[in-house]
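J.:
In UniProt numbering, the protein residues as written are 1 to 744.
1) Please classify residue 334 as buried or exposed, where buried requires at least 16 neighbouring CB atoms within 10 angstroms.
2) Would you mind sorting residue 275 into buried or exposed? The rule is 16 or more other CB atoms within 10 Å of its CB.
3) Measure the alpha-carbon distance for residue 366 versus residue 385 and round it to whole angstroms.
4) Could you name the residues of the same chain whose beta carbon sits closer than 7 Å to that of residue 142, not counting the 5 residues immediately before and after it, in chain order?
5) Indicate the three-state DSSP secondary structure (helix, strand or coil) for residue 441 in the structure shown.
6) Skipping 5 residues on each side, what residues in its chain have a beta carbon closer than 7 Å to that of residue 152?
7) Identify whether residue 253 lies in helix, strand or coil by the three-state DSSP scheme.
8) Have a look at the DSSP bridge pairing and note the partners of residue 222.
9) With respect to the alpha helix (DSSP H) encompassing residue 239, which residues constitute its N-terminal and C-terminal limits?
10) Could you round the C-beta distance between residue 377 and residue 341 to whole angstroms and report it? I think they count as a contact, below 8 Å.
11) Assign residue 381 to one of three DSSP states: helix, strand, or coil.
12) Taking Cβ to Cβ, would you say residue 533 is nearer than 9 Å to residue 362?
13) For residue 464, which residues of its own chain have a beta-carbon under 8 Å away from its beta-carbon, when the five flanking residues on both sides are left out?
14) Could you compute how far the alpha carbon of residue 86 sits from the alpha carbon of residue 70?
15) Classify residue 254: buried if its beta carbon has 16 or more other beta carbons within 10 angstroms, exposed otherwise.
16) Following the continuous alpha helix (DSSP H) through residue 388, name the residue where it begins and the one where it ends.
17) What residues in its chain sit with their C-beta under 7 Å from that of residue 562, if we drop five residues either side in the sequence?
18) Count the other CB atoms, across all protein chains shown, that sit within 10 Å of the CB of residue 509; report buried if there are 16 or more and exposed otherwise.
19) Can you have a look at residue 173 and say buried or exposed, based on whether 16 or more other CB atoms are within 10 angstroms of its CB?
20) Here's the rule: buried if 16 or more other CB atoms are within 10 angstroms of the residue's CB, otherwise exposed. What is residue 545?
21) Going by beta-carbon coordinates alone, are residue 90 and residue 117 separated by less than 9 Å?
22) Would you please state the rounded distance, in angstroms, between the beta carbons of residue 224 and residue 138? I believe it to be under 8 Å.
23) Return the chain-ordered list of same chain residues with a C-beta closer than 6 Å to the C-beta of residue 759, the five sequence neighbours on each side being excluded.
24) Does DSSP classify residue 264 as helix, strand or coil?
25) Pair every Cβ in the stretch 226-241 with every Cβ in the stretch 261-269, then say whether three or more of these pairs are closer than 8 Å.
26) Using three-state DSSP, classify residue 402 as helix, strand or coil.
27) DSSP on residue 273, reduced to helix/strand/coil?
28) Which residues in the same chain as residue 101 place their Cβ atom closer than 6 Å to its Cβ, once the five residues preceding and following it in sequence are excluded?
29) Does the Cβ of residue 435 have 16 or more other Cβ atoms within 10 Å, making it buried, or fewer, making it exposed?
30) Output needed for residue 475: all residues of its chain with C-beta closer than 6 Å, excluding positions within five of it in sequence on either side, in chain order.
31) In this structure, does DSSP put residue 244 in helix, strand or coil?
32) Report the rounded CA-to-CA distance for residue 374 versus residue 529, giving the unit in angstroms.
33) Residue 543 and residue 472 - do their beta-carbons sit closer together than 9 Å?
34) Counting only beta-carbon separations shorter than 9 Å, does residue 527 have a partner in chain C?
35) Do you know offhand how far residue 68's Cα is from residue 397's?
36) Rounding to the nearest angstrom, what Cα-Cα distance links residue 430 and residue 566 in this structure?
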């Protein structure tokens with residue numbers, strides 16, 4: 001039996017010596033590459049010009065040019081320990097040259113900032129340094145106000161530091177917030193007594209509040225959801241935040257895309273108003289929504305800094321980008337394996353990120369890649385990150401992938417890892433299916449080619465009906481066609497010329513390996529993934545310039561051709577109507593007729609002739625048809641065996657009314673039908689029930705067909721368990737799919 005090991009919790013936040021610490025080892029940020037001086041673009045916002053534009057490039061990029069603008073302890077943390085940087089990135093050069101007047105309360109140059117910068121350019125340090133410098137200056141001013149007595153100064157500084165809050169930094173995700181907090185701790189290493197507070201979901205809120213109460217809060221890093229929750233429940237935090245002089249919104253475009261506008265407004269309401277508060281907004285894009293937020297948060301005379309050179313897109317022009325429009329879904333897994341093999345044969349230290357559109361697909365494909373990793377030229381370590389994992393599990397997986405030094409590693413992830421989080425030396429990004437937006441495509445491929453890593457490639461795999469997204473949404477990107485059939489020859493030649501033992505045999509065996517594995521994939525796991533893909537793709541039919549019916553057929557084809565189901569999942573009439581698919585547009589999906597609900601056009605019973613099992617029977621005393629609900633106490637599985645109880649369950653025909661009813665108490669050991677599975681028609685057809693709120697306890701589905709039986713582990717004795725088709729048990733929040741050996 002092939003079991004999937006679970007990632008254990010790690011990287012927990014701990015309070016050590018009244019400072020925020022992490023049990024996992026903090027990673028040193030790599031040095032930034034030698035880039036061209038920052039280009040400050042003019043636009044609708046107040047422009048600025050580099051003060052040192054007359055200097056040579058080497059001097060402008062060197063940290064020595066700003067050593068007199070930053071405090072001694074900050075420079076020491078950047079250039080000596082824990083960092084050993086020598087060169088500034090463009091965004092760092094643009095902001096650091098504005099110091100110290102940028103954070104001086106008495107200077108006319110203390111302005112808000114709107115910063116447009118690409119990912120992977122060191123912008124985290126660029127906004128953390130002003131936050132630290134502002135805090136250092138505020139503590140010093142509080143001490144100076146106490147007079148000339150040194151003891152009085154020291155006491156006043158200490159009281160101010162313990163009773164006030166420094167900068168508040170808002171990040172869209174837990175992973176990015178944790179990364180920012182780690183970086184802040186490093187930069188504060190030599191500042192005596194400085195402490196960083198982290199408020200994120202998935203961690204113990206009581207512990208976070210206790211640490212906040214008992215220590216200093218020189219830097220507060222948070223996600224909008226957790227901070228809004230804390231503000232509603234903790235008067236202590238509400239009062240403390242009213243003293244914060246600085247607000248920093250990192251990845252502001254993502255904050256808006258994720259729907260955090262109301263939470264941001266609530267946080268801002270508890271902060272000081274202008275001119276007391278200084279705000280810094282960072283974004284990789286400049287959409288109309290971002291401009292609107294900038295006008296409401298920033299002062300009218302704020303500075304707009306654009307470090308993206310004119311004519312260069314946010315997607316790093318140096319990254320080669322390829323797309324593969326698959327002729328059939330059956331090519332998907334083999335093509336994915338060849339892309340991984342190609343990267344392994346090209347890069348001695350292959351490090352790949354694979355983005356999936358939904359959580360269920362991430363869970364399913366991470367399991368598949370673990371099972372198939374031995375079929376690659378180099379066996380890969382596979383990690384997974386998605387919303388069903390706890391914060392500790394996600395942090396642990398992120399840390400392990402970041403630290404991985406083996407010859408090959410894969411991170412299968414949802415969009416949780418699409419932005420902000422820095423994974424060094426990622427050699428390739430693979431996207432399965434269309435991203436949520438064109439901007440998200442940019443952020444995904446931005447995970448590779450970061451910093452001084454010149455090696456990088458982006459691959460985009462799509463089905464035939466997804467091509468319009470490439471034409472209409474990504475027409476400004478130079479994406480090269482990479483046909484799947486031609487790529488087979490390229491990978492084969494590369495394996496042959498690599499000289500790596502066994503590489504050619506494994507590449508040639510990819511098709512057989514995939515075919516053998518597909519027979520072990522559970523039908524229920526595929527159905528759950530299919531349901532999640534329906535929810536993802538249905539709203540995007542307009543973006544794809546196609547109909548919902550075409551999308552449904554494409555997804556059904558994926559279940560049969562790519563995942564090996566004998567028949568595609570059934571979708572009820574009611575569900576199709578909710579999607580706007582009426583009878584005159586679509587009359588048949590898969591092999592099931594929409595009118596009889598059967599697999600054949602012949603009528604086998606009165607029930608089917610009068611509307612089909614799925615529609616139920618309608619009889620009253622006068623012989624006229626009308627809906628009649630199921631009798632209480634009857635067991636659905638037994639009625640179904642008699643052919644009397646359709647999944648919709650509208651009663652019995654007159655000929656069967658005199659038969660004794662089956663009492664559920666007599667059949668307690670028998671399994672029940674699921675009302676939560678996409679394959680169970682009762683999920684959508686049951687009358688007078690909310691479509692998206694199924695009732696009843698969560699049950700496991702079984703079937704009269706022994707090869708389709710799914711059972712709950714340890715629920716019955718072994719002798720009572722039905723025969724199991726080589727399956728993966730139902731996914732749970734705390735566990736992943738599993739592959740089991742084929743049943744005989």
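Quick reminder that beta carbons are idealized off the backbone N, C-alpha and C, glycines included.
T.: Considering the structure as presented:
1) Taking the first residue of the chain shown as position 1, residue 334 is located at position 334. The residue in question, residue 334, is buried, as its Cβ has 16 or more Cβ neighbours within 10 Å.
2) Here residue 275 refers to the residue found at position 275 when the chain shown is read from its first residue. Its Cβ having fewer than 16 others within 10 Å, residue 275 is exposed.
3) The residue given as residue 366 occupies position 366 in the chain shown. The residue given as residue 385 occupies position 385 in the chain shown. Approximately 9 Å between the Cα atoms of the pair.
4) The count along the chain shown starts at 1 and reaches residue 142 at position 142. Excluding positions up to five away in sequence, the list reads 156, 157 and 160.
5) Locating residue 441 in the chain shown gives position 441, counting from the first residue. If DSSP states are grouped into helix, strand and coil, residue 441 belongs with the helices.
6) Here residue 152 corresponds to residue number 152 of the chain shown, with the count starting at 1. So the list reads 146, once near-sequence residues are dropped.
7) Position 253 of the chain shown, counted from the start, is the residue given in the question as residue 253. Helix at residue 253.
8) Numbered from its first residue, the chain shown carries residue 222 at position 222. DSSP, once it has assigned bridges, lists 170 and 199 as partnering residue 222.
9) Position 239 of the chain shown, counted from the first residue, corresponds to residue 239. Taken as a continuous stretch (DSSP letters only), the alpha helix (DSSP H) holding residue 239 covers 235-241.
10) By 1-based counting over the chain shown, the position of residue 377 is 377. By 1-based counting over the chain shown, the position of residue 341 is 341. Confirmed, about 5 Å.
11) For the purposes of this step, residue 381 is taken as the residue at position 381 of the chain shown. Three-state result, residue 381: strand.
12) Mapped onto the chain shown, residue 533 falls at position 533. Mapped onto the chain shown, residue 362 falls at position 362. It is not a contact, given that the beta carbons lie outside the stated cut-off.
13) Looking up residue 464 in the chain shown gives position 464. Answer for residue 464: 325, 326, 327 and 554, listed in chain order.
14) Position 86 of the chain shown, counted from the first residue, corresponds to residue 86. Position 70 of the chain shown, counted from the first residue, corresponds to residue 70. Residue 86 and residue 70: Cα-Cα distance of roughly 15 Å.
15) Counted from its first residue, the chain shown places residue 254 at position 254. Label assigned to residue 254: buried.
16) What you label residue 388 is simply residue 388 of the chain shown in a count that begins at 1. Careful: residue 388 lies outside any alpha helix (DSSP H) and carries neither H nor E.
17) Within the chain shown, residue 562 is the residue found at index 562, counting from 1. 329, 330, 332 and 333.
18) For this step, residue 509 is matched to residue 509 along the chain shown. Label assigned to residue 509: exposed.
19) Translated into the one-based positions of the chain shown, residue 173 becomes position 173. Answer is buried; the Cβ neighbour count reaches 16.
20) As a first step, residue 545 must be located in the chain shown, where it is residue number 545. Exposed, since its Cβ has fewer than 16 Cβ neighbours within 10 Å.
21) For the purposes of this step, residue 90 is identified with residue 90 of the chain shown, where counting begins at 1. For the purposes of this step, residue 117 is identified with residue 117 of the chain shown, where counting begins at 1. It is a contact, given that the beta carbons lie within the stated cut-off.
22) Along the chain shown, read from residue 1 onward, the residue named residue 224 stands at position 224. Along the chain shown, read from residue 1 onward, the residue named residue 138 stands at position 138. With 8 Å as the limit, residue 224 and residue 138 do not qualify as a contact, their Cβ atoms being about 25 Å apart.
23) Since the first residue shown for the chain is 1 and the last is 744, residue 759 is missing from the structure and cannot be characterised.
24) Taking the first residue of the chain shown as position 1, residue 264 is located at position 264. Three-state result, residue 264: helix.
25) yes
26) Translated into the one-based positions of the chain shown, residue 402 becomes position 402. Three-state result, residue 402: helix.
27) Working through the chain shown from its first residue, we reach residue 273 at position 273. Residue 273 falls in the coil class under three-state DSSP.
28) The count along the chain shown starts at 1 and reaches residue 101 at position 101. Closer than 6 Å at the Cβ level, and outside the excluded window around residue 101, lie 107 and 109.
29) Position 435 of the chain shown, counting from 1, holds the residue named residue 435. With 16 or more other Cβ atoms within 10 Å, it is buried.
30) Translated into positions along the chain shown, residue 475 becomes position 475. Correct list: empty, nothing qualifies.
31) Numbered from 1 along the chain shown, position 244 holds the residue referred to as residue 244. Of the three classes helix, strand and coil, the one that applies to residue 244 here is coil, per DSSP.
32) For the purposes of this step, residue 374 is taken as the residue at position 374 of the chain shown. For the purposes of this step, residue 529 is taken as the residue at position 529 of the chain shown. Between residue 374 and residue 529, the C-alpha separation is close to 24 Å.
33) Locating residue 472 in the chain shown gives position 472, where the first residue counts as 1. Locating residue 543 in the chain shown gives position 543, where the first residue counts as 1. Yes, Cβ-Cβ distance for residue 472 and residue 543 is below 9 Å.
34) Of the protein chains in the structure, only one exists, and it is not chain C.
35) The residue given as residue 68 occupies position 68 in the chain shown. The residue given as residue 397 occupies position 397 in the chain shown. Spanning the two alpha carbons is a distance of roughly 40 Å.
36) Residue mapping note: residue 430 aligns to position 430 of the chain shown, counting from 1. Residue mapping note: residue 566 aligns to position 566 of the chain shown, counting from 1. Roughly 29 Å separates the two Cα atoms.
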